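S.K.: Below you will find the structure I want to go over with you.
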Amino acid sequence: MHVSLLLTVITLCITRLSPVFGVNLGTCILQGAFTIHYYLRTEKHTYTRQPQPLVCSGRLEELRFARALQFAIQEINNSSDLLPGITLGYHIYDSCASVPMVMKVAVQLTNGVDLVYNDTDACVKSAAVLVSHYATCACLSDKRQHPTFFRTIPSDHHQAAALARMVKHFGWTWIGAVRSDSDYGNNGMASFLKAAEQEGICVEYSEAYYRTQPRSKLKRVADVIRRSTARVIVAFVAAGDMRFLLQELSQQPPPPMQWIGSEAWVTDPQMLRFNLCIGAVEFWESSFSCSLKRQTGSSAGMPACDGTEDLHALQNPYTDTSQLRITNMVYKATYAIAHALHSIICNEKHCDNNIRVGPWQVFDQLKRVNFTKNNYPVSFDKNGDPVATYELVNWHCPPGTRKAVKKGRPVCCYDCINCAEGEISNETGTLCLPEYWPNNEKDKCLPKPVEFLSWDEILGIILAAFSVAGSLVALSITLVFYKNRASPIVKANNSELSFLLLFSLTLCFLCSLTFIGRPTEWSCMLRHTAFGITFVLCISCVLGKTIVVLMAFKATLPGSYAMKWFGPPQQRLSVFVFTLIQILICVLWLTISPPFPYNNMQHYKEKIILECSLGSGFGFWAVLGYIGLLAFLCFVLAFLARKLPDNFNEAKFITFSMLIFCAVWITFVPAYVSSPGKFTVAVEIFAILASSFGLILCIFAPKCFIIVFRPGQNTKKHLLGKIPTKSL
């Protein structure tokens, strides 16, 4: 069985002398023609020697379309439902979008694959069925001239009418028109001008240009555009011609214009890029800027390719899968041919590969094709055309900008200005959700970074280090006091309250660690309640020691029974009661409205602050206020006891410690309220550490100094003031 089927490009184009871009032989051969390169190298003919072979050049245009044909055929060959037991093969040709190249190969393929002259009637016998993915010219719907032509892309007859209606919709009644000087441009523009006249649209000029024409013609067209008063231009132009025109206009830019483009160029994101290389070797060398000259002798001056090049990381038109409009047309065309073949050679059970298929059989079955693939319906009308569907592509409001209507001008007149904060503009235009923020180009919403005081950042590490260091200092002092618990200075300062105070200070240092790390439901409840309870326990001990100092001094007066009413049981009870009140406040807080993790998106627009919401602000300030009340009471009592004899007086050190404590927490309030983000937590940790270090240094450092470095002063006589000495 032999079958010759052609997938064509732009017009009735088949291509090159040999299928250099892909060969795969099978039971049935599909021949595909694509504009893999866009230019034909030209030479000046002197007629004194034989012309050189035609050579394509320029950037890779439709390599991905050829790959779509290969993919579709491979998919069909692996299918058990479509053409089971039949293997499809392919020949892929490069048309270069060049008339000489197309005509040369078209004649070759019409007479057979071999390069021989055929003067027989084989042309009629081998008439090919054409299924195009890209040829839009309305002239191809004429079945008298093109009886075996089908296409999966709509005819320009529909596109021209749609463009005219769109121009009318925006109120553009005075326009210019440019077209490619080819069947595509001339027929498409003729249809548009007819439709525009019916819509009441006036056309100032209609100019034509083809890329092989002299540059003087191109300059003349560009000058007409520059001098015209029309600011809206409809361009029925092939992509290659449009590049030359835009390049010429860029030499002396005209006033801002609204371009209305046909499908051939309006979806090309590389419109202003002109320098891409050719061929498989050239493709590799150009993409990765390395040379394969050891194998091919090309591209000298570049480093050698070493095999580490990664196609997955490549970004160019070949790897761009964001726009698969035409690629899908190739895919549908391949499947349309496969379905036609299936209807000819297959029945419900199996396929017969011994049947010889004629082109007219394929033609007859293609007219009846009607299937859906990947939610895309495929069928042809009596002219071989599909159902027309179009997308509107707007290049004049690029990603990251939005339309701003000009005051006093029609609604179609607008400027493109940068999107405001939190806004993006892409194909659809949208506002970012609260959890997202635009990228630098403002064409995509990205998740906002989440900020909190973490363990692995410098600030968190420093605060954690001070917290651990403070707890170690408290434990070290506890060890010193325990080893010297029988000494006069430890006994005289109420060793039981001293050990309890050191224990509470250790907890104060360690509770600051709960403020570091990602806030969770449990950590939010723990950090504030642990802080409130441990600090009240600490201040209660200091308050108890202050009262003991006052009671002890009064007990030395004749007839005083002060210590009887504030002995060790009363001291323990006072600490317990003061701490119990704070525990009850915390329990009420956690029961009524506990703290919880909260994504703060109000303070910063571009990031999320993950913090612990207080739940009940009253509960937090009640905890803090109760600590402040006890600290103030302790300060007042210590201040009243400051004039007691130096050697016996601990109240002076307590006064200093409470002065530091109150100063730290008074300055904490405005700093806490005004600090942004994670620095709010850092301020709270700093206040905890500063006040804890103030207590431990003022109250215990002098005693440790005497115990360790001045053991001679650690006597009962010295403490009773019978040995005069300088106070510390």
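Those letters in the sequence shown? Residues -22 to -1, 1 to 706, per mature numbering (1 follows the signal peptide of the UniProt record, and there is no 0), in order. Note that beta-carbon positions come from the ideal geometry of N, C-alpha and C, so glycine has one too. Quick caveat, the model's predicted, so the values are computed rather than measured.
#1: By DSSP's criteria, T350 is part of a beta bridge. Which residues make up the other side?
#2: If you compare alpha carbons, which of H328, K310, A366, S321 is closest to A353?
#3: Using the rule of at least 16 other Cβ atoms within 10 Å of the residue's Cβ for burial, across every protein chain shown, is H23 buried or exposed?
#4: Let me check one thing: in DSSP terms, what residues is S184 bridge-paired to?
#5: Would D363 be called buried (16 or more neighbouring beta carbons within 10 Å of its own) or exposed?
#6: What are the complete alpha helix (DSSP H) segments, minimum 4 residues, inside the stretch 471 to 510?
#7: Using the rule of at least 16 other Cβ atoms within 10 Å of the residue's Cβ for burial, across every protein chain shown, is S58 buried or exposed?
#8: Apply the 10 Å Cβ neighbour rule to L618 and answer buried if 16 or more other Cβ atoms are within range, or exposed otherwise.
#9: Give the DSSP-derived three-state secondary structure of L227 in the structure shown.
#10: With C-beta atoms as the reference, is E182 less than 7 Å away from A142?
#11: Counting along the chain, where does the beta strand (DSSP E) carrying N578 start and finish?
#12: If you compare alpha carbons, which of P575, P573, V514, P466 is closest to V553?
#13: If you check the beta carbons only, do F49 and T305 fall under 7 Å apart?
#14: Quick check: K656 and E429, are their CB atoms within less than 7 Å of each other?
#15: Buried or exposed for C590, please, with buried defined as at least 16 other CB atoms from any protein chain shown within 10 angstroms of its CB.
#16: Would you list the residues sitting across from W415 in a DSSP beta bridge?
#17: What's the gap between the Cα of I674 and the Cα of F613?
#18: Does the distance from the C-beta atom of K426 to that of W415 stay below 7 Å?
#19: Going along the chain, which residues of its own chain have a beta-carbon closer than 8 Å to the beta-carbon of E21, five neighbours each way excluded?
#20: Within 10 Å of its beta-carbon, does A671 have 16 or more other beta-carbons around it, so buried, or fewer, so exposed?
#21: So is M636 buried or exposed if we call it buried at 16+ other beta carbons inside 10 Å?
#22: Can you name, in chain order, every residue of its own chain whose Cβ lies under 7 Å from the Cβ of K585, other than the five neighbours on each side?
#23: Of the choices A649, G606, T658, whose alpha-carbon is the least far from that of L592?
#24: Going by DSSP, which residues form a beta bridge with K345?
#25: Could you check if A447 is buried or exposed, using at least 16 other CB atoms within 10 Å of its CB as the buried criterion?
#26: Ordered along the chain, which non-local residues of its own chain (more than five positions away) have a Cβ less than 7 Å from that of F358?
#27: How should S194 be labelled, buried or exposed, when 16 other C-beta atoms within 10 angstroms of its C-beta is the threshold for buried?
#28: Going by beta carbon distance, what residues of the same chain come within less than 6 Å of V647, once the five residues before and after it are set aside?
#29: Go through its chain and collect everything with a Cβ distance to V308's Cβ below 6 Å, but skip five positions before and after it.
#30: Should G163 and C329 be called a contact, given that it needs their Cβ atoms to be closer than 7 Å?
#31: Is DSSP giving C74 helix, strand or coil here?
#32: Per DSSP, what kind of secondary structure is W599 in: helix, strand or coil?
#33: Relative to the C-alpha of Q339, which residue among I323, K351, N332 is closest?
#34: With which residues is K630 paired in a DSSP beta bridge?
M.R.: Inspection of the coordinates gives the following:
#1: DSSP output for T350 lists P355 as bridge partner(s).
#2: Checking the sequence shown, residue 353 turns out to be Asn, not Ala. Residue K310 is the option with its Cα nearest to N353.
#3: exposed
#4: DSSP lists A155 as partners of S184.
#5: buried
#6: 473 to 489
#7: Burial call: exposed.
#8: exposed
#9: Reduced to three states, the DSSP call for L227 is helix.
#10: Taking 7 Å as the Cβ cut-off, E182 and A142 do not qualify as a contacting pair.
#11: 574 to 578
#12: The shortest C-alpha separation from V553 is found at V514.
#13: F49 is not a Cβ neighbour of T305, given a cutoff of 7 Å.
#14: In this structure, the beta-carbon distance from K656 to E429 falls below 7 Å.
#15: By the neighbour-count criterion, in which a residue is buried when 16 or more other Cβ atoms sit within 10 angstroms of its Cβ, C590 is buried.
#16: L424
#17: Rounded to the nearest whole angstrom, the C-alpha separation of I674 and F613 is 16 Å.
#18: yes
#19: P29, Q30
#20: The residue asked about is misnamed: residue 671 is Phe in this sequence, not Ala. With 16 or more other Cβ atoms within 10 Å, it is buried.
#21: Classification of M636: buried, given that the 10 Å Cβ count is 16 or more.
#22: K426, P427, E429
#23: T658
#24: Paired residues: none, contrary to the question.
#25: exposed
#26: Cβ within range, chain order: F128, L344, K345, V347, P364.
#27: Flag for S194 reads exposed.
#28: none
#29: F43, A46, L47, H111
#30: no
#31: coil
#32: W599: helix per DSSP, three-state reduction.
#33: I323
#34: K630 is not bridged to any residue.
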